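Engineer: Numbering (the working numbering), first residue to last: 42 to 687. Even for Gly, the Cβ is constructed at its ideal location relative to N, Cα and C. Note that the structure is predicted; figures quoted are calculated from it, not measured.
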């Protein structure tokens, strides 16, 4: 978010408001403000005026689950403000609520004219991104209806219908047209000497197809109590390290954020589930890779995340494909699920999008890890057909049999890169050259190896299929042998980032090598070399391991995937270092991440800039990072698993 936007998150709902609590709807350089539910903006304007003027923030909104600010009319030193406004806002499930308290500072009766200008443009989030694409919306209409206690905004396009209802207590004295489509709710307030009056405004968003009977709580305080109760439930019972209070605080903050990042999903039998969303503001939805890694990090502490994520992804697993959808093939696990208007009408491919090479093996890794962690084989029995279908995709359409590796190709209209580094230039040579044609990313091969081994274990111990288990173990062993032959760069004592379509090494030195430690793909000697190399100064910034080692022409400290520091990437690296017995190195990375979290209120962002700690004593934010991201929220739990309270 930009500096002037403050984020409030609850499930599939988030609001981004300015320092004074307003929503302008003006599209700026960063993320837009507004109230968003299920990929659509249900409030595009929410502006307070008093006596016809915008008040100034005496105490601006601060970070937190509730937005609070103190406002006064603009004036000078010799004219103290006639009144003070105390503004408090919170979001709930499909709702936004605000309380306004107006206090007179005068010893005589005072009349104040207060107004809230509201509008709902129902813009799809994909229209608000920085690529400036436009989408035709033939037949779309917007309407407004004045209610006894407020106003209702409605959007229709064919069968699509969305509604935003604004009500107030007390009811406004009037609802005025503005000439722009917005409506202005107005009150004339008579204040006694030093008297106070209070208004409460409630916004209910009803996205298309949402038939739930939701109620807006009475006040922001009531909403905050709900969220605090949910956060407390997530944190309760986790044994935080007493000897490392900073890690304990990061774990507690992460679990609290995970509580607010739960979104609805449906299981294979139609059951209702709550799964980790990827992050706010842009990805408050189910992303396969993100939900799987989040659930893996949290597994020893909150296994219910995995217990919901696995059936939710099984329910969306591809069962068929076609020539018109090159990335959707039977057995593949979904990359992204969207509920917005553009996805509904097929104008963006993300309604159910399968452009991920690594979600499928990670699904199998989590399923095996869940059974191992909990000792409960019931979920593996239930999802056996889905697991076998996922293995089938890996061996057939995924490329393990035909090419020896999981492979992807750039998807026109979708993602060019389909591993975790999915920005267009993320997979590159040291000089920045991008490979053409099919790509075999290193990290995905590690996930595939782990998936084959874990599924072999399930086949032997849960499904009682020794023949299948032996087949998968043989495939895993062959993959390990091929990988170390084809990816290893002797001149660097390090694996290549990828192979191109001709089998040539894409030679950038990248953090993905640490994922190979987590998966156990490398022999011990190679693994120890890689682990120690990741702690050298060109890789290790002091806040974590960079995605790309500095000194290479492709490196940029403010690139999304070519020099930045990702907490979840570093969590996987730390787990991998511990796996290979590199405990000092694991503690070094863990302490760096915890220090970064401590410097940012114990909350790890999606990504940090790659600047070194030796020259920048505070972590430098990446300008377009998700403020709340599930993998980063769960990363401290992975550190706790890797190094304990050390």
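Three or more C-beta pairs under 8 Å: does that hold for the segment 648-666 against the segment 567-587?
Structural biologist: They touch, by the three-pair rule.
Engineer: For residue 44, which residues in the same chain have their Cβ closer than 8 Å to its Cβ, ignoring the five residues on either side in sequence?
Structural biologist: Note that residue 44 has pLDDT 46, beneath the 50 cutoff, so the model's placement of it is unreliable and the number below is only indicative. Result list for residue 44: empty, nothing under 8 Å.
Engineer: Which value, in whole angstroms, describes the spacing of the CA atoms of residue 524 and residue 565?
Structural biologist: 14 Å
Engineer: So what does residue 339 bridge to, in DSSP terms?
Structural biologist: Partner(s): none; residue 339 has no beta bridge.
Engineer: For residue 329, name the three-state secondary structure that DSSP assigns.
Structural biologist: helix
Engineer: With a Cβ-Cβ cutoff of 8 Å, do residue 292 and residue 304 count as a contact?
Structural biologist: no
Engineer: What separation, rounded to the nearest whole angstrom, lies between the Cα atoms of residue 650 and residue 47?
Structural biologist: 21 Å
Engineer: For the alpha helix (DSSP H) containing residue 51, list its first residue and its last residue.
Structural biologist: Residue range 47-51 is occupied by the beta strand (DSSP E) that includes residue 51, with no alpha helix (DSSP H) assigned at that position.
Engineer: Write down the C-beta distance between residue 396 and residue 486 rounded to the nearest angstrom, noting that I regard them as a contact closer than 8 Å.
Structural biologist: Actually they do not touch by this definition, with Cβ atoms about 18 Å apart.
Engineer: Where does the unbroken beta strand (DSSP E) through residue 125 begin, and where does it stop?
Structural biologist: Where residue 125 is concerned, the enclosing beta strand (DSSP E) stretches over 124-133.
Engineer: If we count the other Cβ atoms within 10 Å of its Cβ and call it buried at 16 or more, is residue 602 buried or exposed?
Structural biologist: Flag for residue 602 reads buried.
Engineer: From what residue to what residue does the alpha helix (DSSP H) around residue 76 run?
Structural biologist: No alpha helix (DSSP H) holds residue 76; the beta strand (DSSP E) holding it covers 75-78.
Engineer: Compute the beta-carbon to beta-carbon distance between residue 80 and residue 58, rounded to the nearest angstrom, for a pair I have assumed lies under 8 Å.
Structural biologist: Here residue 80 is actually not in contact with residue 58; their C-beta atoms are around 19 Å apart, not less than 8 Å.
Engineer: Please return the same chain residues whose Cβ sits closer than 8 Å to the Cβ of residue 646, not counting the five positions on each side in sequence.
Structural biologist: 608, 662, 663, 666, 667, 668, 670, 673
Engineer: Going straight from the alpha carbon of residue 232 to that of residue 328, what length do you get?
Structural biologist: 51 Å
Engineer: Quick test of the definition: if touching needs 3 or more C-beta pairs under 8 Å, does the segment 331-339 touch the segment 397-412?
Structural biologist: yes
Engineer: Quick check on residue 164: does DSSP put it in helix, strand or coil?
Structural biologist: DSSP, read as helix, strand or coil, puts residue 164 in coil.
Engineer: In its own chain, which residues sit with a C-beta less than 6 Å from the C-beta of residue 132, not counting the 5 before and 5 after it?
Structural biologist: Excluding residues up to 5 positions away in sequence, 49, 51, 54, 56 lie with their Cβ nearer than 6 Å to the Cβ of residue 132 in the same chain.
Engineer: Do residue 250 and residue 162 have their beta-carbon atoms positioned less than 8 Å apart in this structure?
Structural biologist: no
Engineer: Quick one: using the 10 Å Cβ neighbour count with 16 as the cut-off for buried, is residue 472 buried or exposed?
Structural biologist: With fewer than 16 other Cβ atoms from the protein chains shown falling within 10 Å of its own Cβ, residue 472 counts as exposed.
Engineer: Do residue 618 and residue 558 count as a contact pair if the criterion is CB distance below 8 Å?
Structural biologist: yes
Engineer: Do residue 86 and residue 246 have their C-beta atoms within less than 8 Å of each other?
Structural biologist: In this structure, residue 86 sits away from residue 246, with a CB-CB distance that is not shorter than 8 Å.
Engineer: Considering only C-alpha positions, which residue in the set 354, 632, 521, 627 is nearest to residue 307?
Structural biologist: When each option's Cα is compared against that of residue 307, the closest is 354.
Engineer: DSSP beta-bridge partners for residue 55?
Structural biologist: 50, 77
Engineer: Would you tell me roughly how many angstroms separate the C-alpha atoms of residue 434 and residue 453, rounded to the nearest one?
Structural biologist: 21 Å
Engineer: Measure from the alpha carbon of residue 138 to the alpha carbon of each residue in 444, 149, 241, then state which is nearest.
Structural biologist: Nearest option by C-alpha distance: 241.
Engineer: Can at least three beta-carbon pairs, one atom from the segment 191-205 and one from the segment 110-117, be found at a separation below 8 Å?
Structural biologist: no
Engineer: Since residue 700 is in the alpha helix (DSSP H), which residue starts that stretch and which ends it?
Structural biologist: Examination of residue 700 is not possible in this model, given that the chain is present from 42 through 687 alone.
Engineer: Could you check where the alpha helix (DSSP H) with residue 684 kicks off and where it finishes?
Structural biologist: 671-684
Engineer: So, using beta-carbon positions, are residue 635 and residue 680 closer together than 8 Å?
Structural biologist: yes
Engineer: Shortest alpha-carbon distance to residue 360 belongs to which of 253, 106, 221, 427?
Structural biologist: 427
Engineer: Per DSSP, what kind of secondary structure is residue 468 in: helix, strand or coil?
Structural biologist: Coil at residue 468, not helix or strand.
Engineer: List the whole-angstrom C-beta distance separating residue 230 from residue 155, where the pair is believed to meet the contact cut-off of C-beta under 8 Å.
Structural biologist: 6 Å
Engineer: Where residue 625 and residue 488 are concerned, what is the direct C-alpha to C-alpha distance, given to the nearest angstrom?
Structural biologist: 25 Å
Engineer: With a threshold of 16 other CB atoms inside 10 Å of the CB of residue 382, please say whether the residue is buried or exposed.
Structural biologist: Buried is the call here.
Engineer: Tell me which same chain residues have a C-beta within less than 6 Å of the C-beta of residue 464, skipping the five on either side of it?
Structural biologist: 601, 602
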